[in-house]
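Accompanying notes for the structure given below.
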Amino acid sequence: MRTSSTTTPPQALPVNASTGVPVFAVEALRTRPTRRTILPHAKTVVVMSGAVEITTPSGAHSLSAGDVLVLGAGIWCSMRPIRAVRTWTVHIDEDFLRNYSTWVLPPAARLRPGDHPSGWDGSMRLHHPGVEAVRLMDPLLRKISLALEPHDCDFVRSTVVRHFAAAVELMIPSLVDPDQVPGDGRQREPLVGRLASPVARSEARRAADLLLTRMDERWTVELLAAEVSLSASHLPRVFRDAFGSSPIRYLNEIRVTAFARLLEETDLAIAMAARRVGWQDSRVAATWFRRRYGMSPSVYRRDAQAGLDEPPVPAPRISRGCRCVETSE
Numbered sequence: 448m449r450t451s452s453t454t455t456p457p458q459a460l461p462v463n464a465s466t467g468v469p470v471f472a473v474e475a476l477r478t479r480p481t482r483r484t485i486l487p488h489a490k491t492v493v494v495m496s497g498a499v500e501i502t503t504p505s506g507a508h509s510l511s512a513g514d515v516l517v518l519g520a521g522i523w524c525s526m527r528p529i530r531a532v533r534t535w536t537v538h539i540d541e542d543f544l545r546n547y548s549t550w551v552l553p554p555a556a557r558l559r560p561g562d563h564p565s566g567w568d569g570s571m572r573l574h575h576p577g578v579e580a581v582r583l584m585d586p587l588l589r590k591i592s593l594a595l596e597p598h599d600c601d602f603v604r605s606t607v608v609r610h611f612a613a614a615v616e617l618m619i620p621s622l623v624d625p626d627q628v629p630g631d632g633r634q635r636e637p638l639v640g641r642l643a644s645p646v647a648r649s650e651a652r653r654a655a656d657l658l659l660t661r662m663d664e665r666w667t668v669e670l671l672a673a674e675v676s677l678s679a680s681h682l683p684r685v686f687r688d689a690f691g692s693s694p695i696r697y698l699n700e701i702r703v704t705a706f707a708r709l710l711e712e713t714d715l716a717i718a719m720a721a722r723r724v725g726w727q728d729s730r731v732a733a734t735w736f737r738r739r740y741g742m743s744p745s746v747y748r749r750d751a752q753a754g755l756d757e758p759p760v761p762a763p764r765i766s767r768g769c770r771c772v773e774t775s776e
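Residue 448 is where the sequence shown starts when you use my numbering, and the numbers rise one by one after that.
Below you can see the structure in the form of structure tokens.
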């Protein structure tokens, strides 16, 4: 859906109006620029791999793996990959972000100027938590993305906020001013333990890596379990503990991400793009795609391949089920 460039930015709303969930995460793979877009909520871009130039009203900013950019509601931005980049974009109701941050962050005097919500004007903030920190965020953000399904709505708010809190904890060291350490001068580390920061079992990590690198294969739980030397009954349990979903659900989600990139960046027929990521039936691909983006692959392609030099436009808000996503990136 293309919107006139003279349209005013939409009013701030919960990211998910149907359930009141204030946070939603979208994974993306990109090799081409995106057009400028305005969103009605704050966004945080977490760079998992590669490098990207993100332009906002304050200028162009180069980010690479381990960097995080935060931007307030109603402020436009665009992306230009420097090399193939994988990102998580976390869409957050700005009131929730400010209120939550006020409670969990250290006092303003201990943070870098402008990082505390009391002094943040919504303009771009760039943080450097590091590659290891964003690697630990990866499964948490995927759990946020996977949690937002209609049948989960009774519990989705507590689930999403819990994973968001764990991700924020990983950000805190990059926000603290090193010259403002209290007491004996030693920076206190956050609580580390199974409940505070669950670590994925090696078998689950290997299974996830196999699905990511060989998504075009016709995987079954039995085949995947054999690859990582677990039983077909045990693998789903350890995988769900690590990533918040079954292996096959995880596979379909990463296929959707790769499918969206092919729709944006190539002229492949939709059926061929579906087969490239492992779906032999384009109808299955369309079903999974609609579950995430609330629209058909053909409509998404039409919008994504619109002109990149247009003035910033408000991104359409999708009210289907538990989804509200930025479709113009």
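Even glycine gets a Cβ: it sits at the ideal position worked out from N, Cα and C.
By DSSP's assignment, S509 forms a beta bridge with E500. When Cβ pairs closer than 8 Å are counted between the two stretches, the segment 519-537 is seen not to touch the segment 551-562, the count staying below three. At a Cβ-Cβ threshold of 9 Å, A655 and D688 do not count as neighbours. Contiguous alpha helix (DSSP H) elements confined to the segment 652-695 occur at 668-674 and 682-690, taking only those with 4 or more residues. In the displayed model, L552 falls within coil according to three-state DSSP, outside both helix and strand. Contact check for I485 against V492 fails: the beta carbons are separated by 9 Å or more. About 6 Å separates the CB atoms of V581 and M495; that is less than 8 Å, so the two are in contact.
Residue F706 holds the alpha-carbon nearest to the alpha-carbon of F736 among D750, M719 and F706. DSSP assignment within the segment 513-577 yields the following whole beta strand (DSSP E) runs of 3 residues or more, N-terminal first: 515-518, 525-539 and 572-574.
Residue nearest to W666 within the set Q727, L516 and W567 is Q727 (criterion: CA-CA distance).
Check the Cα spacing between S548 and each of L677, P744, A733 and M618: the tightest is with M618. In this structure, the alpha-carbon of R559 lies about 47 Å from that of A672. Contact between the segment 674-692 and the segment 739-751 is absent, with fewer than three C-beta pairs closer than 8 Å. Going by beta carbons, R696 and L573 fall outside the 9 Å limit. With a threshold of 16 other beta carbon atoms within 10 Å, T660 falls short and is exposed.
Across the structure, I701 and M662 are spaced so that their CA atoms are roughly 8 Å apart. For K490, DSSP records a beta bridge to L518 and H538.
Taking the Cβ atoms as the reference, L710 lies roughly 6 Å from A720, within the contact range of under 8 Å. Look at T713 here: in three-state DSSP terms it is coil, with no helix or strand label.
Under the three-state reduction of DSSP, R582 is assigned to helix. Excluding sequence positions up to five before and after L698, its CB lies within less than 8 Å of the CB of L658, M662, W666 and G725, all in the same chain and listed in chain order. Between the alpha carbons of S678 and L670 lies a distance of about 10 Å. Assignment of T478 by DSSP, reduced to helix, strand and coil, places it in the coil class. No Cβ-Cβ contact shorter than 9 Å links V517 with S509. Excluding its 5 nearest sequence neighbours in each direction, R604 has C-beta neighbours in its own chain below 6 Å: V468, listed in chain order. Across the structure, S729 and R722 are spaced so that their CA atoms are roughly 8 Å apart.
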